[in-house]
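Student: Protein sequence lines, in the order shown, are assigned to chains A and B. Basically this note's numbering = 1-based index in the first sequence + 4. Basically this note's numbering = 1-based index in the second sequence + 1.
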Amino acid sequence: MSEGHIIKVGMADLNVVKAPDILTTLGLGSCVGIALYDSIVKVGGLAHIMLPDSTQIKNNSNPAKFADTAIVKLIEDMVNLGAKSSRLVAKIAGGAHMFEFKNMDDMMRIGTRNIAAVTQILEELSIPIIASDTGSNYGRTIELHTSTGVLLVRTIGHGIKEI
Amino acid sequence: MGEKYYQDITEEEIDMLKEAGNIASGNAMTSLGKLIGCTLDMSVANVRIEKIQELTDILGDAESFIAGMLINVYGDLNAMLLLALEAESAIKVVNLMLGKDVSHVEEFDEIDLSVLCETGNILAGSYLSALNTFTGLELDVSIPQISIDMAGAILSYPAIEFARNDNTMLFIETMFKDTNQVLNGTYILILDNDSYNKVIDSLGKWL
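Okay, structure coming up:
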């Protein structure tokens, strides 16, 4: 089996590919990486969202920035590549608290709020979250391997795992 | 004066912010040099407006291992100051200041981390007092917080705060190293749009 291309997904960005390509996002902090996968056609999608809710922000022109709009766009793009939304499964990572400022409840919880929003939206869309590596206080780099559906999570000082 | 959007920044304003950045970070670097007993070389300040998608890479690679000391700036401005040291440089700072012989970041104890935070605090004090001198803006700071991790993960925090309403972030950046090439870092002041207007207005009065 040939090694696929590695395609980078930046902050507030998303992309979809077919096997054997690999999607990666580097240095996830409080943002959440959402990996969706259809194992039958081996189509994968990865979004790197920053904020939970596009309706709370005036300038919401970039769908990849928000949990609600990014997931919808990701599914659309995957369906265009041959995936079926009823077959999709999700793996999520990120949502860490990188800094623990006192008296800043809202910001302190942004990682948690991002995870909560992603979880809720996926549930509403009946996409099961089959694995996750979220929270805590460290950064993560993730890779979605579309040949296998494996999500590789790399950290500094907190190990490497496949979920 | 009406609110201006920083995307429409003029060459003249860039020069004003650069000059402010040069003076303020010069003051901060003098403090850092005294703290660690080194002479520091500082780059000319850079005024950058970067797209969110590029933000995780502004300190080099998104996966670079760095120590980030972050301070919220309140009062007349809504800003953040980020002192970013390569992990190796953070170890150097701790060893120089405490006379220790730490060789890995994992060996840092609470005191080492609080010394790094305090370094961030002292630099912020120097930076902002210079900024106050020639803008007259009254500025207050939070307790500094530290994270030693991937640059991208550290930058996600200011990015979420400052690129919340825009798809870009405005910051004034200075890079520095010591003359023996063992210390490498970047100092960044991030401004929101209101703060950009206030700084430009107050600099305009001053010049």
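In this text, a Cβ means the ideal position worked out from N, Cα and C, and glycines have one as well. As the structure is a computational prediction, the values presented were derived from the model and not from experiment.
#1: At 7 Å on the CB atoms, spell out the chain A contacts of Leu71 of chain B, in chain order.
#2: Short of 9 Å Cβ to Cβ, which residues in the stretch 47–75 of chain B face chain A?
#3: Does the pairing of the stretch 34–43 of chain A with the stretch 84–103 of chain A give three or more beta-carbon distances under 8 Å?
#4: Check whether the stretch 122–129 of chain B and the stretch 54–62 of chain B are in contact - that is, three or more C-beta pairs closer than 8 Å.
#5: When you compare the CB of Asp17 of chain A with every CB in chain B, is at least one pair closer than 8 Å?
#6: Considering Ala68 of chain A, what are the terminal residues of the beta strand (DSSP E) in which it resides?
#7: Could you give the distance in angstroms between the alpha-carbon of Leu41 of chain B and the alpha-carbon of Ala88 of chain B?
#8: Flag Leu129 of chain A as yes if its beta-carbon sits less than 8 Å from any beta-carbon of chain B, otherwise no.
#9: Using a cut-off of 8 Å between C-beta atoms, extract the partners of Lys62 of chain A located in chain B.
#10: Going by the beta-carbon positions, is the gap between Thr175 of chain B and Gly22 of chain B smaller than 8 Å?
#11: Is the Cβ of Ala29 of chain B closer than 8 Å to any Cβ of chain A?
#12: For Asn30 of chain A, decide whether its Cβ has a neighbour in chain B, counting only Cβ atoms nearer than 8 Å.
#13: What does DSSP give as the partner residue(s) for Tyr197 of chain B in the beta ladder?
#14: When the Cα atoms are used, what is the spatial distance from Met5 of chain A to Ile161 of chain B?
#15: With a threshold of 8 Å between beta-carbons, can Asn2 of chain A be considered close to chain B, or not?
#16: Identify the contact partners of Ile92 of chain B in chain E, using a Cβ-Cβ distance below 9 Å as the criterion.
#17: Please name the residues in the stretch 120–151 of chain A whose beta-carbon is closer than 9 Å to at least one beta-carbon of chain B, in chain order.
#18: Classify Thr31 of chain B as helix, strand or coil using the three-state DSSP reduction.
#19: I'd like to know whether the C-beta of Leu55 of chain A is nearer than 8 Å to at least one C-beta of chain B.
#20: Consider the Cβ of Ser58 of chain A: report whether some Cβ of chain B lies at a distance smaller than 8 Å.
#21: Does the stretch 147–164 of chain B come close enough to the stretch 97–104 of chain A that 3 or more CB-CB pairs lie under 8 Å?
#22: Give me the subset of the stretch 151–163 of chain B whose CB atoms are less than 9 Å from a CB atom of chain A, sorted by chain position.
#23: To test your reading of the DSSP string, which unbroken beta strand (DSSP E) runs of 3 or more residues are found completely within the stretch 139–197 of chain B?
Tutor: Put simply:
#1: Position 70 of the second sequence, counting from 1, holds the residue named residue 71 of chain B. Residues of chain A passing the Cβ test: Phe103.
#2: Lys52, Ile53, Gln54, Glu55, Leu56, Thr57, Asp58, Asp62, Ala63, Glu64, Ser65, Phe66, Gly69, Leu71 and Asn73
#3: yes
#4: no
#5: Numbered from 1 along the first sequence, position 13 holds the residue referred to as residue 17 of chain A. Yes, because at least one Cβ of chain B sits closer than 8 Å to the Cβ of Asp17 of chain A.
#6: The count along the first sequence starts at 1 and reaches residue 68 of chain A at position 64. Segment: none, Ala68 of chain A is in no beta strand (DSSP E) and carries neither H nor E.
#7: If you number the second sequence from 1, residue 41 of chain B lands on position 40. If you number the second sequence from 1, residue 88 of chain B lands on position 87. Distance between the alpha carbons of Leu41 of chain B and Ala88 of chain B: 18 Å.
#8: Counted from its first residue, the first sequence places residue 129 of chain A at position 125. Leu129 of chain A does not count as touching chain B.
#9: One-based indexing of the first sequence puts residue 62 of chain A at position 58. Going along chain B in sequence order, the residues near Lys62 of chain A (Cβ under 8 Å) are Asn166.
#10: Counting from 1 along the second sequence, the entry for residue 175 of chain B is found at position 174. Counting from 1 along the second sequence, the entry for residue 22 of chain B is found at position 21. Yes; because the gap between Cβ atoms is below 8 Å, this pair is in contact.
#11: In the second sequence, residue 29 of chain B corresponds to position 28, counting from 1. It does not: the Cβ of Ala29 of chain B has no partner Cβ on chain A nearer than 8 Å.
#12: In the first sequence, the residue the question calls residue 30 of chain A occupies position 26. Just to set this straight, residue 30 of chain A is Leu in the shown sequence, not Asn. Yes, its Cβ sits closer than 8 Å to a Cβ of chain B.
#13: For this step, residue 197 of chain B is matched to residue 196 along the second sequence. Paired residues: none, contrary to the question.
#14: As a working note, residue 5 of chain A is residue 1 in the first sequence. As a working note, residue 161 of chain B is residue 160 in the second sequence. In this prediction, Met5 of chain A scores a pLDDT of 48, lower than 50, which makes its location untrustworthy; no coordinate-derived value is stated.
#15: Outside the displayed range of chain A (5 to 167) lies residue 2 of chain A, so it cannot be described from this structure.
#16: No chain E is part of this structure, whose protein chains are labelled A and B.
#17: Asn141, Tyr142, Gly143, Arg144 and Thr145
#18: By 1-based counting over the second sequence, the position of residue 31 of chain B is 30. Three-state result, Thr31 of chain B: helix.
#19: In the first sequence, residue 55 of chain A corresponds to position 51, counting from 1. Yes, Leu55 of chain A lies at the interface with chain B (some Cβ there is under 8 Å from its Cβ).
#20: One-based indexing of the first sequence puts residue 58 of chain A at position 54. Ser58 of chain A does not count as touching chain B.
#21: yes
#22: Met151, Ala152, Gly153, Ala154, Ile155, Leu156, Ser157, Tyr158, Ala160, Ile161 and Glu162
#23: 140–142, 146–151, 169–179 and 185–192
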